[in-house]
Amino acid sequence: MKEFLKQNAQFILLLFLWVIGGIILKELATALVVLTFILLKYKNRYAELVIAFCFLLLLSDNRHHEYAFAKQSKDIVLVMISLFALFDSKQFIYRNSFFAPFTWFLLLGFIMCYRHPSAFLSFQKVLSYTLLFAVVPNYFTKLFFTEPEKFLRQFFFFFSLVLWLGLSMTIWNSKDVYLVGRYNGMLGNPNGVGTYCTVLSLFLGAALFHFPRLFTKNELITIISSIGLSVLLAGSRNAIFSILMYLFFRKFYKISYYYGFVIVIVAALLFQIVSQFLPDIIVGLGLGEYLRVEHLDDGSGRLIAWNYAWEEIKNNMLLGRGFSYDEYFFELHKDELSALGHQGGVHNTYLSIWMNVGITGLILFLYGMLNSIFKASANCYLAFPSLFAILFSISFESWFMGSLNPFTIVAILTITLMQIKLHKDEREEKSSIPVL
C-alpha cells in the first residue's frame, strides 16, 4: 500500500482536488473532472482513466452536497470516454462484444422510449446503459492485454483506500459516514456500501483466479479487511448473504460443475425449509438486533414497494413504459409510499426492468446475463457462484437497472474478466484479434 501511495500520489491528489472543488463550487469541480479525463487520455493513462471513472460513479452515489458535481459530471464523462474509444480506435485493437447478448434488450429499450412520460429522459437512460456495456469492456480488454496486473493492483489498492478512508472517519464519529445510525462510508447509504463490497468481492475473486500471485499476503489481508469491516459495519443483510452465498458455492464449483449444480438444487430445497425458521435461528445466534430480524418479514419496507410496483406492472405486463419509468413512477407517488412506510425506489431489479420494458425485456435481460455467464463458465469456475450472488443481490436492490452507479460497472468488469482469458488463449493459438 505504501508503494502504491508513493507511485500514485499525483493521481490521488488530482482526484482529491475534485472534492475540494465540489466544496467550493460545483461548476469548478465539474471543470476539474473534465480536464482530468482529457489529461489522462492525452497521457494514455488508461488504467487511471478507468479507475477515475469508477471513483466518479462512487462519489455520485454519495448524498452530501459537496459531491453533487459527480452526478452532474458522470454523463459528460461517459460520453467523453466513448468518444475517446471511437476516434482513437487504434488504441483498442482488441474488440469486445460484451454487450452483444444484451442487444435485443437494449434495442427494446430504445423502442419503448416513446411510451415514457418523458421520452427524451428515457432515451438518455438507454443510451448511457448501451455506452457503458459497449465501451467499458473495451477499455478493460485493452488493459488486460497490455498491463493487467498493474491495473488490477491499482484498482484494488485505490478502492481499498477509499473504504479505509470511510472506516477511519468512524473514529471521530463523523456524521458524514452514518445514515440513521448505520454506517454508509463514502457511499450514499448502508445498502450501497454492502452492494459495492459485494461486487468488489466478486471482482477480487476473478482477479485472483487469473493472477493468484497478484498480491502479497499482507496486501491481500489489507484489501479483504477493508471489504469485510465495511460490510459488517454497514450491517447490510443483502451483502452478507450474497458474499456468503458466493463463498459457499465457489467451494463446490471449484471441485466440479456437477457438484456445484447439485449443491445449488439441494440449497434451494433446504432454503424453503430454513427460511421458515430463519428469524428464530438468527435470534438464537444472538444476531437478532444486528440483522434487524423484526424487519425480515417486510424486507425493511420492500414488500410495500414490490406490491406497489406489481400493481403498476399489471397495467403494462408485456412491454412496460420505457427505461427509468420505475424512477419516474416512484417519484410521482413518493408521498403515498411514504405514508405506507416506504422511502426510495423499487428495490428489485427484476421488477424495475419489468416496469420499464415489460416481461419481454426481463426475459431478454436474463438471456443476456445467462449468455454472458455461460461464456465465462467455459473459462472460470467462479462464473456461476458470481451469478448466484448477483441474482440474489439484485432481488433486493435495483442497481443493475442503473448504468451510472458504482455497482454495475464493477459487475461488468468482473464478468468481462471471467470471460477474457479464454479468448486470450485463442489469440495465442490462432494469432488473431479476439472477439469476446
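First residue of the sequence shown: 0, per numbering that gives the first Met the number 0; consecutive thereafter. Built from N, CA and C at the ideal position, the CB exists for glycine as well.
Inter-residue distance for residue 377 and residue 77 is about 31 Å (C-alpha atoms, whole angstroms). Annotated three-state conformation of residue 44 is coil, per DSSP. Between the region 352–362 and the region 211–224 there are fewer than three C-beta pairs closer than 8 Å, too few to call the two in contact. Taking a cut-off of 8 Å for Cβ pairs, the region 110–126 and the region 174–194 do not touch, as fewer than three such pairs fall below it. The region 91–153 contains, as complete alpha helix (DSSP H) runs of 4+ residues, the segments 102–110 and 118–145 (chain order). Non-local beta-carbon contacts of residue 153 in its own chain, meaning distances under 8 Å to residues more than five positions away in sequence, involve 3, 7, 46, 47 and 50 in chain order. Annotated three-state conformation of residue 177 is strand, per DSSP.
Nearest neighbour of residue 371 by Cα position, chosen from 411, 13 and 403, turns out to be 411.
The Cβ atoms of residue 92 and residue 32 lie no closer than 9 Å to each other. Counting only runs of at least 4 residues, the region 296–336 fully encloses the following alpha helix (DSSP H) elements, listed from N- to C-terminal order: 301–312 and 324–331. As DSSP reads the structure, residue 182 sits in a beta bridge with 177. Straight through space, the alpha carbons of residue 134 and residue 80 are spaced by roughly 8 Å.
Proximity of the region 400–419 to the region 136–144 meets the contact definition, three or more beta-carbon pairs being nearer than 8 Å. For a cut-off of 8 Å, the C-beta gap from residue 258 to residue 251 is around 5 Å, short enough to register as a contact.
Measuring C-alpha to C-alpha distances from residue 361 to each of 101, 132 and 340 identifies 101 as the nearest. As the crow flies, the alpha-carbon of residue 150 is around 15 Å from that of residue 408. Per DSSP, reduced to three states, the secondary structure at residue 341 is coil, with no helix or strand assignment. Per DSSP, the continuous alpha helix (DSSP H) segment holding residue 74 begins and ends at 67–86. Here the region 156–170 makes no contact with the region 22–32; the two share fewer than three CB pairs at distances below 8 Å. Of the residues 342, 145 and 86, the one whose Cα lies closest to the Cα of residue 179 is 342. For residue 378, the secondary structure class from DSSP, reduced to helix, strand or coil, is coil. Classified as exposed, residue 340 has fewer than 16 neighbouring CB atoms from the shown chains inside 10 Å of its CB. Annotation: residue 55 to residue 69 spans about 6 Å, alpha carbon to alpha carbon.
Comparing alpha-carbon positions, the option among 200, 117 and 125 lying closest to residue 103 turns out to be 125. Under the 8 Å Cβ criterion, the region 261–269 does not count as touching the region 199–206, having fewer than three qualifying pairs. For residue 318 against residue 367, the beta-carbon gap comes to about 18 Å, at or over 8 Å, which does not count as contact.
Residue 121 sits away from residue 385, with the two beta carbons spaced by 9 Å or more. Here the alpha carbon of residue 108 sits roughly 25 Å from the alpha carbon of residue 387. Straight-line measurement puts the Cα of residue 156 at about 30 Å from the Cα of residue 254. By the Cβ-count criterion, residue 73 is buried, with 16 or more other Cβ atoms from all chains shown falling within 10 Å of its own Cβ.
Counting the other CB atoms within 10 Å of its CB gives residue 337 a total below 16, which places it among the exposed residues. Straight-line measurement puts the Cα of residue 90 at about 18 Å from the Cα of residue 419.
Separation of residue 57 and residue 97 (C-alpha to C-alpha, rounded to the nearest whole angstrom) is 23 Å.
Closest in alpha carbon position to residue 64, among 185, 329 and 159, is 185. Per DSSP, residue 5 is one residue of the alpha helix (DSSP H) stretching across 1–6.
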